[in-house]
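Chains as they are written, first to last, in full-length UniProt numbering: chain V, 1 to 107; chain P, 1 to 88. We put the CB at the ideal spot given by N, CA and C, even for glycine. Here's the structure, in structure tokens; my notes come after.
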Amino acid sequence: MGFLGFGSSNDNAPSITSTGTPTPAAADPRSQQIKNELITKVSQEIATANATALVNALTENCYKLCIFKPASSLSAEENKCIDDCSAKFMRSWNLISKSYITRINQG
Amino acid sequence: MSDLDLNTLSKLDETTKSELNTFIQQETARAKVQTSVTQFTDMCFKKCITSVQDGNLNREEENCVSNCLNRFLDTNIKIVNLLQSLPK
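Here it is in structure tokens:
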């Protein structure tokens, strides 16, 4: 994610100006700081929302496939089934992600 | 972290505003795709995975998941076309 100025507002690395291409006017430091805070916040919110949706889908599906007679605790078989079921779910997720993105790019 | 309110946002300079805009648009698009993928996986997992022997997808399950997604998208496209061809 090439992001102008992101994370590099304080280092002295030479910027690419040798070609004479005008870089956008340097943003003022206060604005940059607010921007970076916002980016962190938004990224965290999105990550939390994604993780929540995934946990819910995994729990629902694997509970259905693995727990037939809820006992006082999870048995060894139930534990293994949940592990395997989660692995299957994530493999399906990856497969669908790959195929879906391929279709989107085909138009 | 300082308070972020509309007043603070309105004081951002133009460069920063446009950078933020780009970021939000990218992340929104990415989040939409991720949400869809999770929904499709939920739907196709229910259809295709009927038992758990190990952590792998066997050939049959893999085909089922792949067909499930692609036929769903075909259906979606067909429905959109149907609606578009309705007399206005």
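Item to check | Min CB distance residue 66/P to chain V below 8 Å | outcome: yes
Checklist entry - Secondary structure at residue 8/P, three-state DSSP: helix, strand or coil? => result helix
Next on the checklist: Taking CB distances under 8 Å as the criterion, tell me whether residue 82/P reaches chain V.
Outcome noted: no
Checklist entry - Can you name, in chain order, every residue of its own chain whose Cβ lies under 7 Å from the Cβ of residue 18/V, other than the five neighbours on each side? => result Interpretation of residue 18/V is limited by its pLDDT of 42, a score under 50 that renders its predicted location unreliable; the figure taken from the coordinates is listed afterwards. Around residue 18/V: no qualifying Cβ.
Item to check | From 60/P, 20/P, 72/P, residue whose alpha carbon lies closest to that of residue 42/P | outcome: 72/P
Checklist entry - On the premise that residue 63/V lies in contact with residue 36/P, defined as a C-beta separation below 8 Å, what is that separation, rounded to the nearest angstrom? => result With 8 Å as the limit, residue 36/P and residue 63/V do not qualify as a contact, their Cβ atoms being about 23 Å apart.
Item to check | Distance, residue 56/V Cα to residue 82/P Cα | outcome: 34 Å
Checklist entry - Could you give the C-beta distance for residue 52/P and residue 65/V, rounded to a whole number, given that I count them as a contact under 8 Å? => result 5 Å
Checklist entry - Is residue 68/V close to chain P, meaning its C-beta is less than 8 Å from at least one C-beta of that chain? => result no
Checklist entry - Along chain V, in chain order, which residues have C-beta atoms closer than 9 Å to that of residue 49/P? => result 61, 65, 85, 88, 89, 92
Checklist entry - What in chain V is Cβ-close to residue 38/P, meaning under 8 Å? => result 50, 53, 54, 57, 93
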